[in-house]
Structures are given as structure tokens and as C-alpha cells.
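**Student:** Mind looking over this structure? Questions follow.
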Amino acid sequence: MQEFVSFGLHVALIRQLAWLPRGYDLVPAGTVVTSAKLRSIMLALEEVNGPAVLVRLGRHLAAKEQEPVLTMLRHSATPAVIADRWRRLEGYSHARARSEFSIAGKSMNIHRGVVRGQPPARVENLLLQGFLIGLLEAVGAENIDATILPSHGPAIRVMRKGRMNNKLEFTGRGLRFRINWTSFEPVSSSYPFMANMPGTAPSLGAQRPIVRQLCAILEQDVGRSWTIDEVAAALDTSGRTLQRRLQQANNRFSDVLRMVRVREACRLLYGTSLSVGEIGFWCGFTDNAHFSRDFRRLLAMPPSVYREASIGHAGLTRA
1 MQEFVSFGLH VALIRQLAWL PRGYDLVPAG TVVTSAKLRS IMLALEEVNG
51 PAVLVRLGRH LAAKEQEPVL TMLRHSATPA VIADRWRRLE GYSHARARSE
101 FSIAGKSMNI HRGVVRGQPP ARVENLLLQG FLIGLLEAVG AENIDATILP
151 SHGPAIRVMR KGRMNNKLEF TGRGLRFRIN WTSFEPVSSS YPFMANMPGT
201 APSLGAQRPI VRQLCAILEQ DVGRSWTIDE VAAALDTSGR TLQRRLQQAN
251 NRFSDVLRMV RVREACRLLY GTSLSVGEIG FWCGFTDNAH FSRDFRRLLA
301 MPPSVYREAS IGHAGLTRA
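In full-length UniProt numbering, the protein residues as written are 1 to 319.
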């Protein structure tokens, strides 16, 4: 369960156990929940209630929990963005288990593997399937079907038209599964934290209009793995034209994206108690080294030092 240990997600998972049958009994007050302990809790849940309860738990976690990382995942624009963010979270948190996604039309296939050690546990895969179902529902996927794809034999129905199969039974780890939906209506929502966030940040300065337009698009979802073609489409132009206009303004797309991400990181370092790791993930960086390198490039100090300085000195320029 290592991917649920980083950034407080294991705490979120434990909080949601109270929603399930016998949840309180499984986590006595004062219990220190390690990765091994969390797995044993999930095993106990499955033994008492059957495998469907883990899918339900993951779905409920995605829909209800307010941990910052989960909030960000729920603000994904499309199923493809959900997949991209989850892959990045696995890498950022150095999870042993990794997920490969294949998305075509209204279908998402997931194959679970590892970078080291044993394959991910069955309880982990069931929990993740429910979690992804909940995230897809949150961003606008409707009438979801979900199936486990065993190595041999027919697919195993987990959900049909949004309704759980509470008599779910199967053997094996459930390393491969598929999620389908009949329609997708994007849920419109503003990017959390960006608007009205107090804090200090490097100024945009007297930038050309095209740079300010580009920043306005990127700031709508600063944690997204933007491509220049995606932003160009939002600006009703082509990637080649946008690149040429940025060159005329003495800028590059990658530099503007870095500036927007670092500006958001500055706000969060000053205005929240999120850890440096959470902030780096939130702002779209692939790992802490990437975050620290880009932050130093613009501000000549690491994020941790910036946080200490911004709290200790009121004279820094406000964004």
C-alpha cells in the first residue's frame, strides 16, 4: 500500500474506514499505521466483508476525502489527466507498484506492475480500482462498468451501469482491470488554491500579452502535464503559431510553464502547511529533485529556504 502512505493518503484511508462495516474495530485509537499495518487492515476488511468492500472503500475515498492530493486528483479535466496524475504520484512517492494505463474512447485499461519486489497485493488492486472509479465519476464519467481481467477465463464483473456487484468473488491478484463509461460530461470547476491564495511569488513583470494569455491558461490547472498543442487549442491557435509568438516575445513554452508552477509553489509555501513534497506534486513536478532544481533556477534558493524566508520577512514582494 505504499502509494497510499505518502502525502497523508494512508491517514485519509484510515479515516474512511469508519464509513464501512466494523471500521472502528479495525483501527483502535492510538494505532500507528505503517504500510504493513494498513495492508493487514485491508486483508481483515476483505475477509469479513468480501472483496467488493475494498472497491467501495476506494470509491468512497475518491469522492469524499479532502486531503490536498485527493482534491487535486478530483480536479482532473479528463480521464487521461487522472491517469497522468496517478502515474506521476506513484513516481513522486517512489511507490514499488506502478500502473500502466491505456485509454481509448470511453474505456480505460489498467495493468499493475512493480519496479522492485513482489507484485502489488490483491487488496491494493481492488482499492485502486474503486478509487479510479470514484475519480472518474467525480470528473464526469457516467454509467460506469468495471471488470477484472484475469490471466485465464472470462472477465469478472465488478460494477455495471454504476451499480456495485456486492457478491464479487474471484481468485488471483487482480492485476489487470478495465473501466468503461457510456458518456462523459466534464465537471466544470476552478483549480483549487490558485485564486486568492495569499503569498509571495516572483512577479510576471512587463510580459507580452501572449505570455500573460498563456499564464492564464496554465494557471487553470497548474498540476497538469500540459503540452504546447493543448494550450494552443485553448487559445484557438496552433502549436506552431504559439511557439512562434513566444519566440517573438523572447520566451519559450517550457520557461513559462516553469514560472507558473514556481509562482504557485511560492503561494503554497507561504500560505499553507502542506509539505514541500506535497507542494511539488501539486504544482506538476515529476519529483522533488525536479521541483528543487526549477525552483532554484528562478529564485536561487531551495523551496524549504524560501518558506523560512517568506515567513520570517514581511518585506518580500507580494504577487
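Cβ atoms here follow ideal geometry from the backbone N, Cα and C, with glycine treated the same way.
If you measure between the beta carbons of T148 and I133, is that distance less than 8 Å?
**Tutor:** Indexing the sequence shown from 1 puts residue 148 at position 148. Indexing the sequence shown from 1 puts residue 133 at position 133. Residue identity check: residue 148 is Ile in the sequence provided, not Thr. No, the pair does not count as a contact, with Cβ atoms beyond the cut-off.
**Student:** When the Cα atoms are used, what is the spatial distance from S76 to R88?
**Tutor:** Within the sequence shown, numbered from 1, the residue matching residue 76 stands at position 76. Within the sequence shown, numbered from 1, the residue matching residue 88 stands at position 88. Each residue's Cα considered, the two are about 13 Å apart.
**Student:** For the pair the stretch 30-42 and the stretch 7-19, tell me if three or more CB-CB distances fall below 8 Å.
**Tutor:** Segments in contact, yes.
**Student:** Kindly indicate which residue of S35, L54 and A138 has the alpha-carbon position closest to the one of L17.
**Tutor:** Position 17 of the sequence shown, counted from the start, is the residue given in the question as residue 17. Looking at the Cα atoms, L54 is the closest of the given residues.
**Student:** What is the residue span of the beta strand (DSSP E) that D294 lies within?
**Tutor:** Here residue 294 refers to the residue found at position 294 of the sequence shown. Careful: D294 lies outside any beta strand (DSSP E), inside the alpha helix (DSSP H) at N288 to L299.
**Student:** For the beta strand (DSSP E) containing H111, list its first residue and its last residue.
**Tutor:** For the purposes of this step, residue 111 is identified with residue 111 of the sequence shown, where counting begins at 1. Where H111 is concerned, the enclosing beta strand (DSSP E) stretches over S107 to V114.
**Student:** Would you list the one or two residues that DSSP bridges to residue 337?
**Tutor:** Here the chain has residues from 1 to 319 only, and residue 337 is not among them.
**Student:** How should D236 be labelled, buried or exposed, when 16 other C-beta atoms within 10 angstroms of its C-beta is the threshold for buried?
**Tutor:** Taking the first residue of the sequence shown as 1, we reach residue 236 at position 236. Classification of D236: exposed, given that the 10 Å Cβ count is below 16.
**Student:** Secondary structure at R74, three-state DSSP: helix, strand or coil?
**Tutor:** As a first step, residue 74 is located in the sequence shown; it is residue number 74 there, counting from the start. Three-state result, R74: helix.
**Student:** Would you kindly work out how many angstroms separate the C-alpha atoms of Q129 and S275, rounded to a whole number?
**Tutor:** Within the sequence shown, residue 129 is the residue found at index 129, counting from 1. Within the sequence shown, residue 275 is the residue found at index 275, counting from 1. Roughly 27 Å separates the two Cα atoms.
**Student:** Which residues mark the beginning and the end of the beta strand (DSSP E) in which N165 is found?
**Tutor:** As a working note, residue 165 is residue 165 in the sequence shown. Unbroken run through N165: none, as it is neither H nor E.
**Student:** Does the ligand ATP have even one heavy atom less than 7 Å from the beta-carbon of R293?
**Tutor:** As presented, the structure is devoid of all ligands, the ligand ATP included, so that no description of it is given.
**Student:** Taking only beta-carbon positions, decide if A12 is within less than 8 Å of chain B.
**Tutor:** Of the chains in the structure shown, none is chain B; there is only one protein chain.
**Student:** Round the Cβ separation of S102 and N109 to the nearest angstrom and send it over; I've been treating them as touching at under 8 Å.
**Tutor:** By 1-based counting over the sequence shown, the position of residue 102 is 102. By 1-based counting over the sequence shown, the position of residue 109 is 109. The Cβ separation is near 4 Å, so the contact holds.
**Student:** Which whole-angstrom value describes the C-beta separation of M214 and V256, a residue pair presumed to lie in contact below a C-beta threshold of 8 Å?
**Tutor:** Along the sequence shown, one-based indexing puts residue 214 at 214. Along the sequence shown, one-based indexing puts residue 256 at 256. Checking the displayed sequence, the identity of residue 214 turns out to be Leu instead of Met. About 5 Å; that satisfies the 8 Å criterion.
**Student:** Would you please state the rounded distance, in angstroms, between the beta carbons of R85 and G174? I believe it to be under 8 Å.
**Tutor:** Start at 1 with the first residue of the sequence shown, and residue 85 comes out as number 85. Start at 1 with the first residue of the sequence shown, and residue 174 comes out as number 174. Rounded, the Cβ-Cβ distance is 22 Å, inconsistent with contact.
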